[in-house]
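> The sequence shown runs 162 to 292 under my numbering.
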Amino acid sequence: MRERQADLEALDVRVAVVTFDRPFLCRAYIEETGIEWPLLIDETRGLYRAYGMLRASFMDVWGPASWLAYVRELRKGQGLRRAGADVMQRGGDVLIDPGGIVRLHHVGRGPADRPDVEKIINVVMPAAIQG
Numbered sequence: 162m163r164e165r166q167a168d169l170e171a172l173d174v175r176v177a178v179v180t181f182d183r184p185f186l187c188r189a190y191i192e193e194t195g196i197e198w199p200l201l202i203d204e205t206r207g208l209y210r211a212y213g214m215l216r217a218s219f220m221d222v223w224g225p226a227s228w229l230a231y232v233r234e235l236r237k238g239q240g241l242r243r244a245g246a247d248v249m250q251r252g253g254d255v256l257i258d259p260g261g262i263v264r265l266h267h268v269g270r271g272p273a274d275r276p277d278v279e280k281i282i283n284v285v286m287p288a289a290i291q292g
């Protein structure tokens with residue numbers, strides 16, 4: 162997603178990262194990754210539950226799709242990061258428009274399951290043209 166940050170900014174897309182990890186782990190993550198987006202902490206996981214991001218199965222987290230994603234990251238020169246407090250917590254992506262309407266709601270099956278940034282741009286593009 163960071164590779165397309167300029168495109169997202171041009172479309173006036175604001176990105177925020179939500180985690181449930183403790184603040185000291187969040188600080189380490191920011192230092193390690195260099196992300197510039199706001200990082201919000203949802204320690205009670207209320208937002209996760211509200212968007213249906215519950216617990217993943219063992220195979221979702223440790224199955225072939227995850228290993229393939231790790232290999233792809235290594236090929237791109239990305240190092241693997243230490244897991245947070247709960248590797249079984251599902252993640253996802255939610256795109257909310259300025260009017261509060263959810264335009265994209267993706268619950269990941271595991272760490273490797275993320276929508277392509279192109280999909281996000283394709284959702285935003287029509288609204289940007291009309292706006």
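C-beta atoms are modelled at their ideal positions from N, C-alpha and C, and glycine is treated no differently.
What does a CB cutoff of less than 7 Å around residue 248 pick up in its chain, not counting 5 residues either side in sequence?
Position 87 of the sequence shown, counting from 1, holds the residue named residue 248. Spatial neighbours of residue 248 in its own chain (CB-CB distance under 7 Å, excluding positions within 5 residues in sequence) are listed in chain order as 222.
> Along the chain, which unbroken stretches of the alpha helix (DSSP H) at least 4 residues long are found entirely within the region 179 to 203?
184 to 194
> Looking only at DSSP bridge pairs, what is residue 255 linked to?
The count along the sequence shown starts at 1 and reaches residue 255 at position 94. DSSP output for residue 255 lists 266 as bridge partner(s).
> Using the C-alpha atoms, what's the distance from residue 195 back to residue 269?
In the sequence shown, residue 269 corresponds to position 108, counting from 1. In the sequence shown, residue 195 corresponds to position 34, counting from 1. Roughly 23 Å between the two C-alpha positions.
> Residue 216 by DSSP, collapsed to three states: which one?
Taking the first residue of the sequence shown as position 1, residue 216 is located at position 55. Three-state result, residue 216: strand.
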